[in-house]
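For the sequence shown, position 158 matches number 164 in this note's numbering, and the numbering has no gaps at all.
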Amino acid sequence: MDLAAGLLVTGIGIDTLRQARAREQLAIAAVPLVLGTHLLVETPVWWSLEGHLSPAVGDLASWAYVAIALVVVPALVPWAFLRLGTSGRAGLDRFFLACGLAAAAAGLFAIGLEPVGRRIDGHHIAYHPGVAWSGVVLAAYVLATCGPSLLARSAELRWFGVGNLAVVALLAWIQQNAVISLWCVWAASTSLLINLALRRTHVPAVASLVAPDGHT
7 MDLAAGLLVT GIGIDTLRQA RAREQLAIAA VPLVLGTHLL VETPVWWSLE GHLSPAVGDL
67 ASWAYVAIAL VVVPALVPWA FLRLGTSGRA GLDRFFLACG LAAAAAGLFA IGLEPVGRRI
127 DGHHIAYHPG VAWSGVVLAA YVLATCGPSL LARSAELRWF GVGNLAVVAL LAWIQQNAVI
187 SLWCVWAAST SLLINLALRR THVPAVASLV APDGHT
């Protein structure tokens, strides 16, 4: 599933980059491509756990997968919305980015340079970084990755935020070790909404993605 979904979302990501018509849109346009690549990276993790690839390949792939999830995504998403001026208030945009950078730093510390523990748990892979996340770090992560889109003027971007917030909250409540794998699959799937949002914009229409009283 990860290979097919990864190829699909990566294709959407490439098309989304083509829809960016202003420099301010490039970061948000890169999000689907990053999420699609993220899904592709998990494919060798599965194959390693199933015995089709060596454990060394699995170690490298799982580290890269978790690094994208815990370090790249929480930094990229708020930065992308900051470039768009989502909230219309620079202080709030920077707050979300600060949350993302804090979560990314904690994620980098958690995984370090050691192999990431992983095991097949039903239909997903449960990952176990070297250091458990605290509730504060998880809250910062959710604020960084879901908060900015909730303030967007674009309906597609708001739904992107609402959907991801609902799913990550549900997973954290039901099965926390599934958050890294299952939520990232969901986030990648909903990245189509970013593509649709950019398709509706034209230069100089960055303002159509921000709050009604926003400014860049």
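A virtual CB, placed ideally from N, CA and C, is assigned to each residue, including glycine.
Query	Result
Note down the Cα distance separating ARG89 from ALA75, rounded to an integer number of angstroms.	21 angstroms
Which of the three DSSP states is assigned to ALA132 in this structure?	strand
Let's test the definition: count the other Cβ atoms within 10 Å of the Cβ of PRO61 and tell me whether it reaches 16, buried, or not, exposed.	exposed
Between the C-alpha atoms of PRO84 and ALA67, what's the straight-line distance to the nearest angstrom?	25 angstroms
Does ARG206 come out as helix, strand or coil in the three-state DSSP assignment?	coil
Near LEU45, what residues of its chain come up, given a Cβ to Cβ distance below 7 angstroms and the 5 sequence neighbours on each side ignored?	ASP8, ALA11, GLY12, VAL15, VAL191 and ALA194
Are the beta-carbon atoms of LEU149 and CYS105 separated by less than 7 angstroms?	yes
May I ask you to report which of helix, strand or coil DSSP gives THR16?	helix
How would you write the range of the alpha helix (DSSP H) that GLY64 sits in, first residue to last?	61 to 73
Count the other CB atoms within 10 Å of the CB of VAL40; is the residue buried (16 or more) or exposed (fewer)?	buried
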